[in-house]
Amino acid sequence: MIKDTEVCIVGAGPAGASLSHFLSARKISHTLIDKASFPRDKVCGDGIAVDVMNTLKRISPELLHSFINESSLQPSWGLGLRTSNGHEIRYDFRENGLPYAPFFTGKRLDLDNFLVRNLNPAYCDFRQDTLVSNVVRTPDGIIVQLKNSQGNESDVRANIVVGAEGEKPIVTKYLGLDHYREKQHLMGAIRIYYKNVKGFHPNGHLEFFMDKKLSPGYFWVFPLPNNEANIGLGMTSSRISQKKLNLKKAFHEIVNRNPVLNEMFAEAEALEKPRGWGLPVMTPQRTIAGERYALLGDAAGMIEPHTGKGIGPGMVSGRLCAQYIEEALLKKKYDLMPYQEHIYRYYRIEMRIGHALLKSFKYPALLNSAISLSNLGIIKRWSHKKATEAWKSWM
Ligand SMILES: Cc1cc2nc3c(=O)[nH]c(=O)nc-3n(C[C@H](O)[C@H](O)[C@H](O)COP(=O)(O)OP(=O)(O)OC[C@H]3O[C@@H](n4cnc5c(N)ncnc54)[C@H](O)[C@@H]3O)c2cc1C
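Okay, so the sequence shown: first residue is 1 according to the working numbering, each after it adds one.
This is the structure in structure tokens:
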């Protein structure tokens, strides 16, 4: 059986689902495929930043409103960072007149399900539980081969295929394009859900810890609703191999060695075994678009190097891609390279500064001094004001 559609999106995570929302807003028919059945988990820190809220608002203000009121989310009004020598810097934005919190935390099981629950069936043919097993070019389009969980095979014939399939890119592999999993542009991380972690800030701050074992990288403790927490640590893959680091062992060592973490975990109980996943970080050296194809989110390596934030950039890539897909379909000229150029312009600062900052994490002494300096009254007030202005402009 073969179905014709304008666009076939592979992967219904935040990147693919966002593209679907923006294509529906442009009245473009498309098929969205995911091998998982939703709600589905994704190993992540579950930290939701303001670029996610901004993208939801651009889809529709009503969608943002219902998202903010989801009971599975917890608002987070600030963050704290502790260096390896115990210095701490903390920002709280509760009293700054923001319309809502600058961060939320919520399990990806719920966030990703929220996005697919609200897809528009008038334009989106959503097929979950369906694996993309091959992507083939033909003289006049792309054939995406599918296999559902009952073993039934079918094809989708599209003008454009979009790879939003996450960290293990398959669209590029099937199209015979460059594979980009070089270690210097990949981070490795683990996540563990816990309950009964104590000592969170009353305004639900995201807590970050630096540790000499983890440079360049960090340890996070994020509060979740229902007295649960998302705990994890991550670092560049090249350093993990160099140091032959076992992240699971490092996790326990760091908790035992750090007096603040030790106290936070005194009565804590793990709800799962540590789960690992890769984070492909932004670099302008990749090809992420071309004739009849584009890549989004992790499949395009859209994670910010210094923060590990990829949900928002994945959704932004979906938003920007929709615009170029519409133009391509109207002109019947399917080269999507202008989308790549736009992405690399849009994220040029994150790419440059992000990599430099990540490198600076290699030098704990430098970071300790930088944090002490940032805590000085005038610098702290200036950075607080700048961050507040930035949040407001995104909200
Ligand atoms: C440990 C860890 C912590 C992180 N913490 C944060 C954080 O706190 N905040 C943040 O913003 N980002 C964080 N990230 C990054 C974030 O998780 C990713 O950037 C984000 O999930 C990317 O979304 P995506 O839509 O590109 O891919 P995904 O969310 O991975 O979705 C890809 C989808 O494609 C589907 N798929 C894959 N292969 C196929 C196939 N062959 N056929 C059909 N479907 C397929 C999958 O089932 C999946 O649903 C973290 C990442 C890790 C690993």
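For each residue, glycine too, the CB sits at the ideal point set by N, CA and C.
Q) Does any heavy atom of ligand 1 sit closer than 7 Å to the C-beta of Pro274? A) Start at 1 with the first residue of the sequence shown, and residue 274 comes out as number 274. No, since every heavy atom of ligand 1 falls outside the 7 Å radius drawn around the Cβ of Pro274.
Q) Would the beta-carbon of Thr55 fall within 8 Å of that of Val255? A) One-based indexing of the sequence shown puts residue 55 at position 55. One-based indexing of the sequence shown puts residue 255 at position 255. Result no, Cβ atoms of Thr55 and Val255 do not sit closer than 8 Å.
Q. Ends of the alpha helix (DSSP H) at Leu320?
A. Along the sequence shown, read from residue 1 onward, the residue named residue 320 stands at position 320. According to the DSSP assignment, Leu320 belongs to the alpha helix (DSSP H) that extends over Ile311 to Lys331.
Q: Identify the continuous alpha helix (DSSP H) that holds Val400 and give its terminal residues.
A: An answer regarding residue 400 cannot be provided, because it is not within the stretch 1 to 395 covered by the chain.
Q.
Suppose only complete runs of 4+ residues qualify. What are the alpha helix (DSSP H) ranges in the region 214 to 253, listed by chain order?
A. 237 to 243
Q: Apply the 10 Å Cβ neighbour rule to Asn159 and answer buried if 16 or more other Cβ atoms are within range, or exposed otherwise.
A: Taking the sequence shown and counting its residues from 1, the one referred to as residue 159 is at position 159. Buried is the call here.
Q | Continuous beta strand (DSSP E) stretch holding Phe103: start and end | A | The residue you call residue 103 lines up with position 103 of the sequence shown. Here the beta strand (DSSP E) through Phe103 covers Phe103 to Thr105.
**Q.** Spatially closest choice to Ala101 from Ile89, His65 and Gln128, by CA coordinates
**A.** In the sequence shown, residue 101 corresponds to position 101, counting from 1. The shortest C-alpha separation from Ala101 is found at His65.
**Q.** Length-filtered (4 minimum) alpha helix (DSSP H) runs lying within the region 152 to 221
**A.** Whole alpha helix (DSSP H) segments, 4+ residues: 171 to 175.
Q) Glu269 bridges to which residues according to DSSP? A) Within the sequence shown, the letter at position 269 stands for residue 269. Bridge partners of Glu269: Lys195.
**Q.** Check: His254 C-beta below 7 Å from any heavy atom of ligand 1
**A.** For the purposes of this step, residue 254 is identified with residue 254 of the sequence shown, where counting begins at 1. Here residue 254 turns out to be Ile, not His, going by the sequence shown. Answer for Ile254: no, Cβ out of range of ligand 1.
Q: Can you give me the Cβ contacts of Ile288 inside the same chain, cut-off strictly under 6 Å, excluding the 5 residues immediately before and after it?
A: In the sequence shown, residue 288 corresponds to position 288, counting from 1. Cβ within range, chain order: Leu295, Ala300 and Gln340.
Q) What did DSSP end up calling Thr130 once you bin it into helix, strand or coil? A) Numbered from 1 along the sequence shown, position 130 holds the residue referred to as residue 130. Strand at Thr130.
Q) Residue range of the beta strand (DSSP E) that Ile9 falls in? A) Residue numbering aside, residue 9 sits at position 9 when the sequence shown is read from its first letter. Run containing Ile9: Ile2 to Val10, per the beta strand (DSSP E) assignment.
Q. Got a sec, what are the start and stop residues for the alpha helix (DSSP H) Val116 sits in?
A. Residue 116 sits at position 116 when you count from the first residue of the sequence shown. Here the alpha helix (DSSP H) through Val116 covers Arg108 to Arg117.
(Q) Only counting the same chain, and skipping five residues up and downstream in sequence, which positions put a Cβ closer than 6 Å to that of Arg42? (A) Translated into positions along the sequence shown, residue 42 becomes position 42. The residue asked about is misnamed: residue 42 is Lys in this sequence, not Arg. Correct list, in chain order: Arg108.
Q: Output the distance between the C-alpha atoms of Tyr123 and Ile9, rounded to the nearest integer angstrom.
A: The residue you call residue 123 lines up with position 123 of the sequence shown. The residue you call residue 9 lines up with position 9 of the sequence shown. Cα-Cα distance, rounded: 13 Å.
Q: May I ask you to check if the CB of Cys44 is nearer than 7 Å to at least one heavy atom of ligand 1?
A: Position 44 of the sequence shown, counting from 1, holds the residue named residue 44. Because some heavy atom of ligand 1 lies under 7 Å away, the Cβ of Cys44 counts as near it: yes.
Q | Distance, Leu79 Cα to Ala390 Cα | A | Along the sequence shown, read from residue 1 onward, the residue named residue 390 stands at position 390. Along the sequence shown, read from residue 1 onward, the residue named residue 79 stands at position 79. Distance between the alpha carbons of Ala390 and Leu79: 15 Å.
Q) Below 8 Å between beta carbons: does that hold for Ile311 and Val52? A) For the purposes of this step, residue 311 is taken as the residue at position 311 of the sequence shown. For the purposes of this step, residue 52 is taken as the residue at position 52 of the sequence shown. Closer than 8 Å, so yes.
(Q) Within 10 Å of its beta-carbon, does His30 have 16 or more other beta-carbons around it, so buried, or fewer, so exposed? (A) On the sequence shown, position 30 is the one that residue 30 refers to. His30 comes out buried.
Q | C-beta atoms of Ile81 and Ile89 nearer than 8 Å | A | Stepping through the sequence shown from its first residue, residue 81 is reached at position 81. Stepping through the sequence shown from its first residue, residue 89 is reached at position 89. Just to set this straight, residue 81 is Leu in the shown sequence, not Ile. Contact: yes.
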